[in-house]
Every structure is written in structure tokens, then in C-alpha cells.
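K.L.:
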Amino acid sequence: MNILKKTNMKIIKILLLLVLIATIGCTKKTVQIPVFSVPGIQDTIYDNSQIWMFLEVKDGDTIATLNRKNSISTTSWIFNIDKKLPMHLVIPHLEKLIEKREKPSLHQKDEDDFNYFSYVDSDSGLLSLVQFDVIYFDKNKVLNHIDFAKDTIKKHLVLDYNTNQLTINDSLVPFNNLNTYIQKLSSTMKMKVHLNFDANIKYQNYLELKAQLQNNMEIELDTIEYVY
């Protein structure tokens, strides 16, 4: 009975958090942020700006709309993005925001200001974050681990993620076994991870993968992500 009660309280906690986020973001629209069982950053980011990306349907088409009216360049930015949006709709907005944020200006972000994606950790029922600095999306090529065969300094892992499967250097890997698999590949060389992904995957899936990788201290994540 106690276990059931705790589970129900956790569900209520998550639902209330999601409603609160949506209400704060915009009183007339809602954002269903991702929910998954991966621990993330739960520190309070005091000096922040909230950016909202909504899913809307107009004339039968799904579109992504942005609300960044309150974004201040000299703060950390927290991106609250609807989990159902496909990445091909999310990426153009991210590209414009990152470009604007990195453009030299009188009001540059401080060294301790970062960008974060938000989600709910279903185990704790708490709002959690995935930190990132800059991401560049390359839509003109797809990487293969053979491209790095001559590198004797770093070990390269090419993750390919689509709607059906996840592979690392062409080997099929169960998603829930990602970090365990990477640890088995660990060596004396530093490991760099490169990400290829299908533009049609949902933001929920994209962010869950990024959250998993954030928790792996043995890797360096490439700032360029390859989209096909």
C-alpha cells in the first residue's frame, strides 16, 4: 500500500510540475516537456531565462512556435520544448537562437552562463536539465567510424540514432544499455562521441539520448551533430 501511495504521489508531482511549467511559460499554450528515467542536473539555476517551444497544428500541419520574449543574453537559457515535436522542426529554431547568442555583442553571456534543455526525471519527479554550450547541426553529411581510422590519439564512437534503432560504430546497441556498452569500449585513449540522427525522431527521444550521454564522464561529445 505504501509503495502504491508513493507511486501515486510521484505521478501527481510530475503532473503538477508539467502544468506549472506550462502555466509559467504561457497562459494560453502548453508545453509537454519530456519525461524519462535518467538522472540529470537538478541544481537551481537562479540567473536564467526561460525559452518555450510549442507544438501547434494548423491546417492539419504540425508546426513549432517559439516564445523567447523574456530571454536575456547575460543569463543561462533554459529550453522548454514540447516532447512530441520532431527534430526537423526544432532544429531551425535552435540554430537561430544559438547563432544569435554566440554573435559578438555588447551584452555577451558570462563564462558561467550555459544553455540547458529541461525534462522531468520520472524516478525523482523533479525538473532536471541537460547542459549544452553550442551545437552545430550539419545536414550535408553522415559520419562513419571508418572516417577516424587513422586517429591514434583519440578513440571515436559514431552513434547513429533513428526511429528504429541505435548503433555505435555500426553495432546495434540496446538504448537502455548505452553507457554500459560505451564503458566496455573504454581504453587508455580519450573517447569522442559523434552523433548522427534521423531528423524525424521526436525531441523526447533526442533529449533522452543526450541525457544518457551527459552522465558518462568517459566521453567528449562532438559539438557538431549530423542530421539526415
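Just so you know, full-length UniProt numbering puts 198 at position 198 of the sequence shown, and the rest follows in order with no gaps.
Ideal Cβ positions, reconstructed from N, Cα and C, are used throughout, including at glycine.
Everything numeric in this text was worked out from a predicted model, so none of it was measured.
Taking all protein chains shown into account, decide if TYR206 is buried (16 or more other Cβ within 10 angstroms of its Cβ) or exposed.
P.N.:
By the neighbour-count rule (16 or more Cβ atoms within 10 Å), TYR206 is buried.
K.L.:
Give the DSSP-derived three-state secondary structure of ASN216 in the structure shown.
P.N.:
Here ASN216 sits in coil by DSSP.
K.L.:
According to DSSP, simplified to helix, strand and coil, what is ASN70?
P.N.:
Three-state result, ASN70: coil.
K.L.:
Shortest alpha-carbon distance to GLN131 belongs to which of ALA199, PHE79 and VAL90?
P.N.:
The candidate whose alpha carbon is nearest that of GLN131 is PHE79.
K.L.:
On the premise that THR62 lies in contact with residue 235, defined as a C-beta separation below 8 Å, what is that separation, rounded to the nearest angstrom?
P.N.:
The structure shown does not extend to residue 235, since the chain is modelled only from 1 through 228, so no value can be given for it.
K.L.:
Going by C-alpha to C-alpha distance, which of ILE45, ASP43, ARG68 and ILE41 sits closest to LEU51?
P.N.:
Per the sequence shown, the amino acid found at residue 51 is Ile instead of Leu. Selected option, being the one with the closest Cα: ARG68.
K.L.:
Is the Cβ-Cβ distance between THR163 and ASN200 less than 8 Å?
P.N.:
In this structure, ASN200 lies closer than 8 Å to THR163 by Cβ.
K.L.:
Indicate the three-state DSSP secondary structure (helix, strand or coil) for GLN131 in the structure shown.
P.N.:
Here GLN131 sits in strand by DSSP.
K.L.:
Is it right to say ASN115 is buried, meaning 16 or more other beta carbons lie within 10 angstroms of its own, or is it exposed?
P.N.:
Per the 10 Å Cβ criterion, buried.
K.L.:
Just the Cα atoms here: how many angstroms apart are GLU220 and LEU178?
P.N.:
For GLU220 and LEU178, the distance between alpha carbons rounds to 15 Å.
K.L.:
Just verifying my parser: in three-state terms, what is the DSSP assignment at ILE64?
P.N.:
It should be pointed out that residue 64 corresponds to Ala in this sequence rather than to Ile. Correct three-state label for ALA64: strand.
K.L.:
DSSP three-state call for TYR206: helix, strand or coil?
P.N.:
The answer is helix: DSSP assigns TYR206 an H, G or I state.
K.L.:
Beta-carbon within less than 6 Å of ALA211's beta-carbon, same chain only, minus the 5 sequence neighbours each way: which residues are those?
P.N.:
Closer than 6 Å at Cβ, skipping near neighbours: VAL38, GLY40 and VAL130.
K.L.:
Give me the Cα-Cα distance between THR223 and VAL134, rounded to the nearest whole angstrom.
P.N.:
Spanning the two alpha carbons is a distance of roughly 6 Å.
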